[in-house]
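Under my numbering, think of the first position of the sequence shown as 14, with each following residue one higher.
Glycine included, each C-beta is placed from N, C-alpha and C at the ideal position.
Here the structure is a predicted model, which means the values were calculated and not measured.
To start, the structure itself, in structure tokens.
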Amino acid sequence: MPQPETDRFHIQRLSMPRHSLPLTFALLVSSSLTAQGDFESIGDRVNVAGSLFFVAVKAPGGQELWVLDAGKKSAHLVKDIHAGPNSSGVAGIVAFGKRAVFAANDGKSGEQLWISNGTTGGTTMLTSIKADAADAGIAHGSAVVADSVLYFFVKGAKGARALWKTDGTSDGTKLVKPFEAVANPDPNFGHRPTAMPTGVVVFRVGTSKSSRLWCTDGTTAGTRCLCDVGLAPTGPFTLVGPKLAFTAGSGATWDIWLTDGTKAGTKKLHGKAAAEADVGKIDGPRTTKGNRKLAKIHFLTYCVTCHGKSGKGDGPAAIALKPRPRDWTDSKWQASVTDKRILQVVRDGGTAVGLSPLMAPNPLYGKNPAVLKALVEMIRKFDRKK
Ligand code: HEC
Numbered sequence: 014m015p016q017p018e019t020d021r022f023h024i025q026r027l028s029m030p031r032h033s034l035p036l037t038f039a040l041l042v043s044s045s046l047t048a049q050g051d052f053e054s055i056g057d058r059v060n061v062a063g064s065l066f067f068v069a070v071k072a073p074g075g076q077e078l079w080v081l082d083a084g085k086k087s088a089h090l091v092k093d094i095h096a097g098p099n100s101s102g103v104a105g106i107v108a109f110g111k112r113a114v115f116a117a118n119d120g121k122s123g124e125q126l127w128i129s130n131g132t133t134g135g136t137t138m139l140t141s142i143k144a145d146a147a148d149a150g151i152a153h154g155s156a157v158v159a160d161s162v163l164y165f166f167v168k169g170a171k172g173a174r175a176l177w178k179t180d181g182t183s184d185g186t187k188l189v190k191p192f193e194a195v196a197n198p199d200p201n202f203g204h205r206p207t208a209m210p211t212g213v214v215v216f217r218v219g220t221s222k223s224s225r226l227w228c229t230d231g232t233t234a235g236t237r238c239l240c241d242v243g244l245a246p247t248g249p250f251t252l253v254g255p256k257l258a259f260t261a262g263s264g265a266t267w268d269i270w271l272t273d274g275t276k277a278g279t280k281k282l283h284g285k286a287a288a289e290a291d292v293g294k295i296d297g298p299r300t301t302k303g304n305r306k307l308a309k310i311h312f313l314t315y316c317v318t319c320h321g322k323s324g325k326g327d328g329p330a331a332i333a334l335k336p337r338p339r340d341w342t343d344s345k346w347q348a349s350v351t352d353k354r355i356l357q358v359v360r361d362g363g364t365a366v367g368l369s370p371l372m373a374p375n376p377l378y379g380k381n382p383a384v385l386k387a388l389v390e391m392i393r394k395f396d397r398k399k
């Protein structure tokens with residue numbers, strides 16, 4: 014499933030690499046050109062409060078951090094962290110309020126964590142992360158901000174991971190909890206930690222076989238296991254009001270869980286009746302309040318990225334799709350399709366009815382027809398005549 018587009022910035026290469034370097038890049042905000050620049054290459058990029066921070070190589074310097082401030086016509090070098098033609102190896106840039114946090118090597122201190130507000134003077138090294146860390150940098154997709162504190166995971170040797178936090182100062186950059194190396198670390202260990210409205214951060218920890226849901230309040234003592242989900246939590250965590258929804262399971266058996274960030278408030282939501290009901294019968298089980306709740310969670314977790322919250326086919330990932338998902342508020346379309354056909358597309362995918370393969374099948378709904386039916390009902394409710 015494509016990830017929602019988190020930055021409005023785009024970079025396009027305008028010249029071909031077989032010609033001599035440097036290459037010309039266009040820096041765009043949304044789809045309008047803001048600036049153009051000549052670089053040997055451009056790498057990682059992140060939108061930090063409306064400014065584009067990116068890694069680029071521009072001769073005679075090495076690979077360093079650059080920034081394009083909102084409304085400016087050209088980008089500028091933030092700081093020549095590893096002076097001269099050397100590269101500072103800037104990596105894992107994440108936005109932290111109006112600043113960027115990233116790993117870099119100034120050639121004297123090894124790979125360390127840095128912070129920058131986009132100015133040379135405002136670019137400094139934070140505390141040294143750890144000598145035995147495999148990377149001093151922030152593991153990809155492992156950072157989240159909660160209550161003005163940035164939480165992130167650092168990869169250690171042999172699958173060990175460590176949870177760190179920073180408030181943007183050296184003194185406030187601390188190890189929260191190290192997690193020991195395991196034989197087969199879960200590739201999603203600490204991936205996409207999520208901040209609850211209470212400020213508690215929920216994340217997963219485990220091996221490729223079994224994952225557990227953990228939470229932290231930023232203290233070592235307050236970093237605890239919420240539940241043993243047994244099977245790996247799959248899919249993204251989705252905030253539904255004050256609670257976090259996620260699915261856990263593998264193959265044909267999976268369940269929906271909800272947590273409020275406390276042990277007592279972490280519960281499986283599976284409706285037994287729904288699971289045992291006849292497979293795929295639209296006129297089968299009646300939808301209950303529970304099914305409709307699950308359908309809503311599913312919709313927010315799996316469908317809005319493309320179909321959009323309003324059902325108009327304007328989700329963040331839809332921009333890149335061809336064809337784009339249709340507008341479900343269109344009453345003419347609503348009148349032209351049967352429930353059965355909508356059900357079939359959702360369960361069996363676009364190709365089953367001659368639509369785009371970008372609409373992937375969801376075979377698991379075969380096990381949960383009441384939820385499938387509730388999803389069809391939800392799609393019907395987008396009809397603007399209703
Ligand atoms: C990766 C993007 C993506 C995701 C995620 C996605 N869809 Fe779709 N969906 C599409 C596209 C694209 C089409 C249009 C296919 C076409 O017109 O050829 C489509 C078509 C549909 C249709 C058929 C509409 C028609 O024109 O007949 C239904 C119903 C539907 N999706 C429901 C869902 C539901 C429910 C979910 C979540 C379980 C979902 N989709 C998730 C991309 C997506």
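When the Cα atoms are used, residue 187 and residue 231 turn out to be separated by approximately 10 Å.
Among the bridge pairs identified by DSSP, residue 311 is matched with none.
Taken atom to atom, the span from the alpha-carbon of residue 124 to that of residue 105 is near 12 Å. Sorting 261, 57, 40, 252 by C-alpha distance to the C-alpha of residue 314 places 252 at the top. Residue 359 and residue 154 have their C-alpha atoms roughly 29 Å apart. Within its own chain, the residues whose Cβ lies closer than 7 Å to the Cβ of residue 375, once the five positions on either side in sequence are excluded, are 359, 360, listed in chain order. If you draw a 10 Å sphere on the C-beta of residue 122, you find fewer than 16 other C-beta atoms in it, and that means exposed. In this structure, residue 80 keeps its C-beta atom at 9 Å or more from the C-beta atom of residue 94. Counting only the Cα atoms, residue 274 lies some 14 Å from residue 241. Of 369, 353, 202, the smallest CA-CA separation from residue 392 is found for 353. Residue burial annotation: residue 193 is exposed, with fewer than 16 other C-beta atoms found within 10 angstroms of its C-beta. When distances are taken from the beta-carbon of residue 270 to the heavy atoms of the ligand HEC, even the shortest one reaches 8 Å or more.
Taking a C-beta distance under 9 Å as the contact criterion, residue 101 and residue 126 do not qualify as a contact pair. In the DSSP annotation of this structure, the continuous segment of the alpha helix (DSSP H) that includes residue 391 starts and ends at 382 to 394.
Contact between residue 319 and residue 330 holds: their C-beta atoms lie close to 5 Å from each other, under 8 Å. Residue side-chain check: residue 260 keeps its Cβ at 8 Å or more from all non-hydrogen atoms of the ligand HEC. Per DSSP, reduced to three states, the secondary structure at residue 325 is coil, with no helix or strand assignment. For residue 92, the uninterrupted beta strand (DSSP E) segment begins and ends at 89 to 92. Nearest to residue 68 by C-alpha distance, out of 62, 38, 214, 85, is 38.
Non-local C-beta neighbours of residue 88 in its own chain, meaning closer than 7 Å and more than five positions away in sequence, comprise 40, 48, 50, 79, 80, 81, ordered along the chain. Between residue 165 and residue 114, the C-beta spacing is below 9 Å.
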